[in-house]
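If you want the working numbering, it's the position in the sequence shown, counting the first as 1, plus 770.
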Amino acid sequence: MSGRPRTSSFAEGNKQSPSLVLGGVKTCSRDGSKITTVVATPGQGTDRVQEVSYTDTKVIGNGSFGVVFQAKLCDTGELVAIKKVLQDRRFKNRELQIMRKLEHCNIVKLLYFFYSSGEKRDEVFLNLVLEYIPETVYKVARQYAKTKQTIPINFIRLYMYQLFRSLAYIHSLGICHRDIKPQNLLLDPETAVLKLCDFGSAKQLLHGEPNVSYICSRYYRAPELIFGAINYTTKIDVWSAGCVLAELLLGQPIFPGDSGVDQLVEVIKVLGTPTREQIREMNPNYTEFKFPQIKSHPWQKVFRIRTPTEAINLVSLLLEYTPSARITPLKACAHPFFDELRMEGNHTLPNGREMPPLFNFTEHELSIQPSLVPQLLPKHLQNAAATGGTRTTAGAAPTAAASGSTSVSSTGSGASAEGSGQPQSQAPVAAAAGTAGSGSGASAGAAVGGGASAAGAGSGNNSSSGGGGGGASGAPSAVAAAPTAQQSNAATAGGAGGGGGGGAAGSAAIAAGSMATTNAGGANVTGSQSNSALNSSGNGSRGSGGSGGSGNGEAAGSGPGSAGGNENDAGDSGAAGSAEGAETEAAASG
């Protein structure tokens, strides 16, 4: 294969591609249909290129960004969407860089990417091969609007929950979508699965790095953007999501401005004139600007009479002038408006299909705001975890939580993540970063036994804590969870190997790397502290395993506890980067 093969992808003639395109339109089926074969790179994982053939290409969308085609993969028959955008040679494509990082059930999946040449000299196109999803929230809402109806509240609940879940994920990585609107929310009408798409405006926001304010479609633009802010946060996506929710409830956009200024007028009509303090947080340069004083309009009067109170309350928490006062996406998922989704029962769609997966949270997702875990998970799932219905094993060791997130700490009998009041035994997973030491009954990177969860949190700057060894065998025994160390700067989990504990008949938890006594299931379990070390560069150095705590509990918990892991080297697995997430090479500022 030549290094610069001829292209037949989307360009006519014998243009020489500067990158990976395998030429040749050839017949691949009995009906004589044309196919295109390209050399493409997988969207996730390996960079090893492979030949990909597709056929039945047709245009399904276009815009200032480029063109979107629908095609069918020859090998599998799977329908895909191919987004073709003009590539600027001077920059890496930000959309590609971001999409290669993302892997979530509510985000459209990048399957492959390849480059093709254009008709003009030196014209290069990036082609993103994405999973194909037929509908959008915008199209569905418009179909209802034609008959003067709104989307049924149960579907609004289902769609918005999945949107917030996708936002919680990307925001935990420091990525801001910057163009949340109904058109960018893909829907599978058969399964009711929603997936966020179009990361063409997305950017990883870094503290101190300015961004362009003229971003986001007008109806969904946060007020700080209208005020010209350049140091905004991911909370602009939260505002946009609030506009989407309000629009689905109303059947029309809540802030239909004709221009940037008129957009602000529409917002003021509902929220009233922002205070000087609110303006200062949006953009300090506008604090002396004189605005007409208008009172806020009661939210209950904005929406129809039969609109659920919980839905109106959620809108009010999303559409706040002050960005920091807006609810976080994960907190939105835990809002009472979505409690109906968490109710136990036969949840099926009108077409008889089962509901889409809503609670298949990854370790990373639950580590974003651990205190919300009891509110996020349905009670019947928590009860199943508490009775040993689910187990987190060494084979499912959690990955490092994104920097800037909060670690889970187990501090005493029945203590829950951040004192949320949920018994530790009911927390199904431990938000953890790193690798636990081995020991009798210990699990690498996870809590084992009756679904118990306990993670010893690192405290202070440049601190870390290690995982303890396990308890005695027999009934579900106590296992100290893997170490968690998250710092606002480039800190990495490593260092101490905490003491193990004597197992109890119940699910006991030990805070690793610190002296902590837990009373669970009638057993007093004490873990011993061991040495810890973390060098100044942020790499975790090896710490020796702590000795096993003494166990004087009943039954299986009696006798001395097993020793902690020999060594706990989590230096390569800890959280790293700024609070906004690990750095990525941005195409340009803005």
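Even for Gly, the Cβ is constructed at its ideal location relative to N, Cα and C.
Best match in Leu-964, Arg-859, Pro-1120 for proximity to Val-878 [C-alpha to C-alpha]: Within the sequence shown, the letter at position 108 stands for residue 878. When only C-alpha atoms are compared, the closest one is Leu-964.
Pick out whichever of Pro-959, Gln-1145, Glu-1080 has its Cα sitting closest to the Cα of Phe-1107. For the purposes of this step, residue 1107 is identified with residue 337 of the sequence shown, where counting begins at 1. Of the candidates Pro-959, Gln-1145, Glu-1080, the one whose C-alpha sits nearest the C-alpha of Phe-1107 is Glu-1080.
How would you write the range of the alpha helix (DSSP H) that Thr-1079 sits in, first residue to last? Position 309 of the sequence shown, counted from the start, is the residue given in the question as residue 1079. Here the alpha helix (DSSP H) through Thr-1079 covers 1079-1088.
If you measure between the beta carbons of Thr-1003 and Arg-1123, is that distance less than 8 Å? Residue numbering aside, residue 1003 sits at position 233 when the sequence shown is read from its first letter. Residue numbering aside, residue 1123 sits at position 353 when the sequence shown is read from its first letter. In this structure, Arg-1123 does not lie closer than 8 Å to Thr-1003 by Cβ.
Tell me the DSSP secondary structure of Gly-1270 in three-state form. Here the question's residue 1270 lines up with position 500 in the sequence shown. Low confidence applies to Gly-1270: its pLDDT is 35, below 50, so where it sits in the model is not reliable enough to give any reading.
Buried or exposed, going by whether 16 or more other CB atoms sit within 10 Å of the CB of His-1397? No answer is possible for residue 1397: it lies beyond the span of the chain, which begins at 771 and ends at 1360.
So the alpha helix (DSSP H) Val-1035 belongs to, where does it begin and stop? What you label residue 1035 is simply residue 265 of the sequence shown in a count that begins at 1. That run of the alpha helix (DSSP H) goes 1030-1041.
Would you kindly report the start and end of the unbroken alpha helix (DSSP H) that includes Gly-1012? Taking the sequence shown and counting its residues from 1, one reaches residue 1012 at position 242. Its alpha helix (DSSP H) spans residues 1005-1020.
For Thr-1092, which beta-bridge partners are listed by DSSP? Reading the sequence shown from its first residue, position 322 is the one you call residue 1092. Beta-bridge pairing links Thr-1092 to no other residue.
Check Ala-972 in the structure and name its three-state DSSP category. In the sequence shown, the residue the question calls residue 972 occupies position 202. Ala-972 falls in the coil class under three-state DSSP.
For Phe-1073, which residues in the same chain have their Cβ closer than 7 Å to its Cβ, ignoring the five residues on either side in sequence? Numbered from its first residue, the sequence shown carries residue 1073 at position 303. Same-chain partners within the cutoff: Leu-1019, Leu-1020, Ile-1082.
My guess is that Val-899 and Tyr-885 are in contact by the Cβ rule of under 8 Å, so how many angstroms apart are they, rounded? In the sequence shown, counting from the first residue as 1, residue 899 sits at position 129. In the sequence shown, counting from the first residue as 1, residue 885 sits at position 115. Not really, about 12 Å apart at Cβ, beyond 8 Å.
Which residue's Cα is closest to the Cα of Leu-1100: Lys-804, Gly-970, Leu-1147? As a working note, residue 1100 is residue 330 in the sequence shown. Out of Lys-804, Gly-970, Leu-1147, Leu-1147 has the C-alpha closest to the C-alpha of Leu-1100.
What's the C-alpha gap between Asp-845 and Ile-926? Numbered from its first residue, the sequence shown carries residue 845 at position 75. Numbered from its first residue, the sequence shown carries residue 926 at position 156. Roughly 36 Å between the two C-alpha positions.
If you count every other CB in all the chains shown that lies within 10 Å of the CB of Gln-1139, and 16 or more means buried, which is it? As a working note, residue 1139 is residue 369 in the sequence shown. With 16 or more Cβ atoms within 10 Å of its Cβ, Gln-1139 is classed as buried.
Is the Cβ-Cβ distance between Thr-920 and Tyr-914 less than 8 Å? Translated into the one-based positions of the sequence shown, residue 920 becomes position 150. Translated into the one-based positions of the sequence shown, residue 914 becomes position 144. Cβ distance < 8 Å, so Thr-920 and Tyr-914 count as in contact.
Is any heavy atom of the ligand ATP found at a distance shorter than 7 Å from the C-beta of Phe-1131? This structure simply doesn't include the ligand ATP, nor any ligand for that matter.
Shortest alpha-carbon distance to Gln-1063 belongs to which of Leu-856, Gly-1042, Thr-807, Val-1085? In the sequence shown, counting from the first residue as 1, residue 1063 sits at position 293. The shortest Cα separation from Gln-1063 among Leu-856, Gly-1042, Thr-807, Val-1085 belongs to Gly-1042.
The beta strand (DSSP E) that contains Ser-823, what's its start and end? Your numbering for residue 823 matches position 53 in the sequence shown. Ser-823 -> beta strand (DSSP E) spans 820-833.
Confirm, please, whether the CB-CB distance from Glu-1051 to Thr-1098 is below 8 Å. Indexing the sequence shown from 1 puts residue 1098 at position 328. Indexing the sequence shown from 1 puts residue 1051 at position 281. Result no, Cβ atoms of Thr-1098 and Glu-1051 do not sit closer than 8 Å.
Suppose the cutoff is 8 Å on Cβ atoms and the five residues either side in sequence are ignored; what does the same chain contact list for Lys-842 look like? The sequence position of residue 842 within the sequence shown is 72, counting from 1. Cβ neighbours of Lys-842 beyond the five flanking positions: Tyr-824, Thr-825, Asp-826, Glu-848, Leu-849, Val-850.
On a CA-only basis, which of Gly-1030, Phe-1129, Val-855 is nearest Met-1113? Give me that one, please. Here the question's residue 1113 lines up with position 343 in the sequence shown. Minimum Cα distance to Met-1113 is reached at Phe-1129.
Can you tell me whether Lys-828 is buried or exposed? The criterion is at least 16 other CB atoms within 10 Å of its CB, across all chains shown. Locating residue 828 in the sequence shown gives position 58, counting from the first residue. Lys-828 should be labelled exposed.
Are the CB atoms of Ser-1010 and Ala-999 within a distance shorter than 8 Å? Numbered from 1 along the sequence shown, position 229 holds the residue referred to as residue 999. Numbered from 1 along the sequence shown, position 240 holds the residue referred to as residue 1010. No. Outside cutoff.
Going by DSSP, what residues sit across from Gln-840 in a beta bridge? Start at 1 with the first residue of the sequence shown, and residue 840 comes out as number 70. Per DSSP, Lys-828, Ala-851.
How many Å lie between Thr-1045 and Gly-944 at the Cα? Start at 1 with the first residue of the sequence shown, and residue 1045 comes out as number 275. Start at 1 with the first residue of the sequence shown, and residue 944 comes out as number 174. Using only the alpha carbons, I get a separation of about 29 Å.
If we count the other Cβ atoms within 10 Å of its Cβ and call it buried at 16 or more, is Arg-860 buried or exposed? Residue numbering aside, residue 860 sits at position 90 when the sequence shown is read from its first letter. Its Cβ having fewer than 16 others within 10 Å, Arg-860 is exposed.
Exposed or buried, what is Ala-810 when buried is set at 16 or more other beta-carbons lying within 10 Å of its beta-carbon? One-based indexing of the sequence shown puts residue 810 at position 40. Buried, by the Cβ-count rule.
Assess, as a yes-or-no matter, whether the segment 932-946 is touched by the segment 963-982 under the definition of 3 or more beta carbon pairs within less than 8 Å. yes
Measure from the alpha carbon of Leu-1109 to the alpha carbon of each residue in Pro-1078, Glu-1135, Ser-1094, then state which is nearest. Start at 1 with the first residue of the sequence shown, and residue 1109 comes out as number 339. Looking at the sequence itself, residue 1109 is Asp, so the reference to Leu does not match. The shortest Cα separation from Asp-1109 among Pro-1078, Glu-1135, Ser-1094 belongs to Pro-1078.
Assigned exposure category for Glu-821 - 16 Cβ within 10 Å defines buried: Residue 821 sits at position 51 when you count from the first residue of the sequence shown. It is exposed - the Cβ of Glu-821 has fewer than 16 other Cβ atoms within 10 Å.
Hey, quick one: how far does the beta strand (DSSP E) through Ser-886 stretch, first residue to last? Taking the first residue of the sequence shown as position 1, residue 886 is located at position 116. First-last of the beta strand (DSSP E) with Ser-886: 880-887.
Contact belief for Leu-896 with Asn-863 at Cβ below 8 Å, rounded distance in angstroms: Within the sequence shown, residue 896 is the residue found at index 126, counting from 1. Within the sequence shown, residue 863 is the residue found at index 93, counting from 1. Rounded, the Cβ-Cβ distance is 5 Å, consistent with contact.
Using a threshold of 8 Å, state whether the C-beta atoms of Gly-1012 and Leu-1088 are closer than that. On the sequence shown, residue 1012 is found 242 positions in, with the first residue counted as 1. On the sequence shown, residue 1088 is found 318 positions in, with the first residue counted as 1. Yes, they are a contact pair.
What residue from Pro-1144, Lys-1060, Glu-893, Ser-971 has the CA that sits closest to His-1105's CA? Working through the sequence shown from its first residue, we reach residue 1105 at position 335. Measuring from the Cα of His-1105, the nearest candidate turns out to be Pro-1144.
Where Ala-962 sits in the DSSP three-state scheme: As a first step, residue 962 is located in the sequence shown; it is residue number 192 there, counting from the start. Coil, per DSSP.
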